[in-house]
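Below you'll find the structure, written out as structure tokens, and then a few comments.
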Amino acid sequence: NYSNPPTHGAAIVATVLNSPKLRQMWEDELAQMRERIKSMRHGLKEKLAAAGISHDFSFIEAQRGMFSYSGLTADQVAKLQEQDAIYALSTGRICVAALNSKNIDRVAQAIARVLMSK
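This note's numbering numbers the first residue of the sequence shown as 935 and each following residue consecutively.
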């Protein structure tokens, strides 16, 4: 069986990309999000270092995209979930895009705690 792919999303993309004004707005928003995520990566790295963890967290800042492989084990991820309601994949992958100025301290402190409790 074959189903037609949705055309609504494609039509929106075509409208945005074919309009210089809309495309510029989209590119500006994209740049803002990219900078925000970079800022959260930097902040998380700095806050983890400030927590006294003797580990090089520069990889967090060097990675790109909305997610980061934190290096946490499945057991450490489970502790974050159980003790702090902070969710990550069992592989240690965290969503950096979900960090913000209101939760980054809490997340960094929780990660530091589980790293110190090896």
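The beta carbon of each residue, even a glycine, is placed where N, CA and C say it ideally should be.
Computed from a predicted structure; not experimentally measured.
- Following the DSSP letters along the chain, one finds SER992 inside the alpha helix (DSSP H) bounded by residues 992-996.
- A Cβ-Cβ contact shorter than 8 Å links ILE994 with LEU978.
- By the Cβ neighbour-count rule, VAL1030 is buried, with 16 or more other Cβ atoms within 10 Å of its own.
- Taking LEU1049 as the centre and dropping the five residues before and after it, the same chain places the C-beta of ILE987 closer than 6 Å to its C-beta, in chain order.
- Per DSSP, the beta-bridge partners of TYR1003 are ARG1027.
- With respect to the 8 Å criterion, PHE1001 and ARG1027 are classified as neighbours on the basis of their beta carbons.
- Counted as a single uninterrupted DSSP element, the alpha helix (DSSP H) harbouring LYS979 occupies residues 954-984.
- Using a 10 angstroms sphere on the CB of ALA984, the tally of other CB atoms stays under 16, which defines it as exposed.
- For a cut-off of 8 Å, the C-beta gap from ALA1042 to LEU982 is around 5 Å, short enough to register as a contact.
- Where LEU1014 is concerned, the enclosing alpha helix (DSSP H) starts and stops at 1008-1018.
- Its chain contains LEU1014, ASP1018 and ILE1020 as the residues whose beta carbon lies nearer than 6 Å to that of ALA1044, once the 5 sequence neighbours on both sides are disregarded; these appear in chain order.
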